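Counting from 1, position 39 in the sequence shown corresponds to residue 46 in the working numbering; the numbering is continuous, with no gaps. Beta carbons: idealized from backbone N, C-alpha and C, even for Gly. This structure is a prediction, so every number in the text was calculated from the model and none was measured. Below is one structure; the comments refer to it alone.
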Amino acid sequence: MARGPAKRTHAIVLDTTKLAERDLIVTLLARDGTLERAVAKGARKGGSRLGAACELYRTSDVLLAPGRNLSVMTDARLVEGVPMLPQDFEVLSAAAAIADCVKAASMEGEGEAIVYALVTRAFEILSRPLDLPHLQLIVSAFAFKLMAMLGWRVEIDVCVGCGSEDVRWFDCVSGGALCSDCAARVESAELFGAHRRDWVRALLLCPFAELAESPIAADDAAWLARLALAWTRAQLDVGLKSFAFFVGLGQVESPIAAFS
Ligand SMILES: [Zn+2]
């Protein structure tokens, strides 16, 4: 069976799984936006160049040869000049949330180059010092922008039920903003004031760099992160475990409060 030519591309490492004693299965986002899974033989051997190039969230120049089931990464080296993410728990959780969205939204072997550009820009901003509310802002913006690129743009200006411009409610499953009449028929609708609507608009329209510099209240950032997760889940119909974990950061209640 013909297996096609080898592929050389810049790629971002989104996920790794251990295989046998010294190998890894690496999930990559290639520069053309396709999701690739490849076996990196010997990548867990100490000090190997392949190992360094397969570290999570790094950008590498990889050579992928078609294999029987998965591609085989026959060569890889880190791309110079791409900032490394700080080895900080909250930052790495934010990166994992972004990787989670991309993996859930992409199909293996298919993709859009614009998704690669979006991930590159998001990771570039995550390499800067950011507090948790700003990490939440970047991840939320990433999720809403990615969904919009793939055809699931959130509607915030008119009621998705009747087209009225008097929107005061929001519901992910319905597709966005709702007027009071339409919201009355939707049990899961939540209040959506002008202030929060402006924030969702900013997430859709503003570059990451601008959002990273914008003052934001911690409760607004946490709310936006919850909304972005709910929106992405509703569109993709998947659990998004890493995204959910990230959204849970900083929202841990005391065990007593949780049961009272
Ligand atoms: Zn309506």
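Tell me the DSSP secondary structure of residue 235 in three-state form. As a working note, residue 235 is residue 228 in the sequence shown. Residue 235: helix per DSSP, three-state reduction.
Is the region 55 to 75 close to the region 147 to 164, with three or more CB pairs under 8 angstroms? no
Label residue 33 either buried or exposed according to how many other C-beta atoms from any shown protein chain fall within 10 Å of its C-beta, with 16 as the threshold for buried. Here residue 33 refers to the residue found at position 26 of the sequence shown. Buried.
Is residue 205 close to chain C? Criterion is C-beta to C-beta, closer than 9 angstroms. Among the chains in the structure shown there is no chain C, since it carries only a single protein chain.
Among the residues of its own chain, which have a CB less than 8 angstroms from the CB of residue 111, if the five just before and after it don't count? On the sequence shown, position 104 is the one that residue 111 refers to. Apart from the 5 residues on each side of it in sequence, residue 111 sits with its Cβ closer than 8 angstroms to the Cβ of 239, 243, 245 and 247 in its chain, given in chain order.
List the residues that DSSP assigns as beta-bridge partners of residue 78. Working through the sequence shown from its first residue, we reach residue 78 at position 71. Beta-bridge pairing links residue 78 to 45.
So, for residue 207: in the same chain, excluding its five sequence neighbours on each side, which residues have a beta-carbon less than 8 angstroms away from its beta-carbon? In the sequence shown, counting from the first residue as 1, residue 207 sits at position 200. Counting only Cβ-Cβ distances below 8 angstroms, and skipping sequence neighbours, we find 151, 161, 163, 231 and 234.
Going along the chain, which residues of its own chain have a beta-carbon closer than 8 angstroms to the beta-carbon of residue 120, five neighbours each way excluded? Sequence index remark: in the sequence shown, residue 120 carries index 113 (1-based). Here the set comprises 38, 39 and 40.
Relative to the alpha-carbon of residue 181, which residue among 132, 172 and 166 has its alpha-carbon at the smallest distance? Translated into the one-based positions of the sequence shown, residue 181 becomes position 174. Of the candidates 132, 172 and 166, the one whose C-alpha sits nearest the C-alpha of residue 181 is 166.
Inter-residue spacing [alpha-carbon to alpha-carbon] between residue 62 and residue 20: One-based indexing of the sequence shown puts residue 62 at position 55. One-based indexing of the sequence shown puts residue 20 at position 13. Distance between the alpha carbons of residue 62 and residue 20 is about 7 angstroms.
If I measure Cβ to Cβ from residue 11 and keep anything under 8 angstroms in the same chain, skipping five residues before and after, which residues do I get? Position 4 of the sequence shown, counted from the start, is the residue given in the question as residue 11. The residues are 73.
Beta carbon of residue 149 nearer than 9 angstroms to that of residue 90: The residue labelled residue 149 in the question sits at position 142 within the sequence shown. The residue labelled residue 90 in the question sits at position 83 within the sequence shown. No, these two residues do not count as a Cβ contact at 9 angstroms.
Starting from the Cα of residue 57, find the closest Cα among 43, 172 and 79 and give me that residue. Taking the sequence shown and counting its residues from 1, the one referred to as residue 57 is at position 50. For the residues 43, 172 and 79, the minimum Cα distance to residue 57 belongs to 79.
Quick check: what's the CA-CA separation for residue 135 versus residue 52? The residue given as residue 135 occupies position 128 in the sequence shown. The residue given as residue 52 occupies position 45 in the sequence shown. Computed Cα separation, rounded: 30 angstroms.
Between residue 228 and the rest of its own chain, which residues show a CB-CB distance below 6 angstroms, the 5 nearest in sequence each way excluded? Reading the sequence shown from its first residue, position 221 is the one you call residue 228. Closer than 6 angstroms at the Cβ level, and outside the excluded window around residue 228, lie 140, 143 and 144.
Write down every uninterrupted run of the alpha helix (DSSP H) in the region 180 to 253 whose length is 4 residues or greater and which is fully enclosed by it, in chain order. 187 to 190, 201 to 212, 215 to 220 and 225 to 243
Grouping DSSP H, G and I as helix and E and B as strand, with all else coil, what is residue 163? Here residue 163 refers to the residue found at position 156 when the sequence shown is read from its first residue. Coil at residue 163, not helix or strand.
Cα-Cα separation between residue 59 and residue 29, rounded to whole angstroms: The count along the sequence shown starts at 1 and reaches residue 59 at position 52. The count along the sequence shown starts at 1 and reaches residue 29 at position 22. About 14 angstroms.
So which of 71, 184, 88 and 27 has the shortest CA-CA distance to residue 42? On the sequence shown, residue 42 is found 35 positions in, with the first residue counted as 1. Of the listed residues, the one whose Cα sits closest to residue 42 is 71.
Using the Cβ count rule (16 or more neighbours within 10 Å means buried), how would you classify residue 262? What you label residue 262 is simply residue 255 of the sequence shown in a count that begins at 1. In this prediction, residue 262 scores a pLDDT of 46, lower than 50, which makes its location untrustworthy; the coordinate-derived value is nonetheless stated afterwards. Burial call: exposed.
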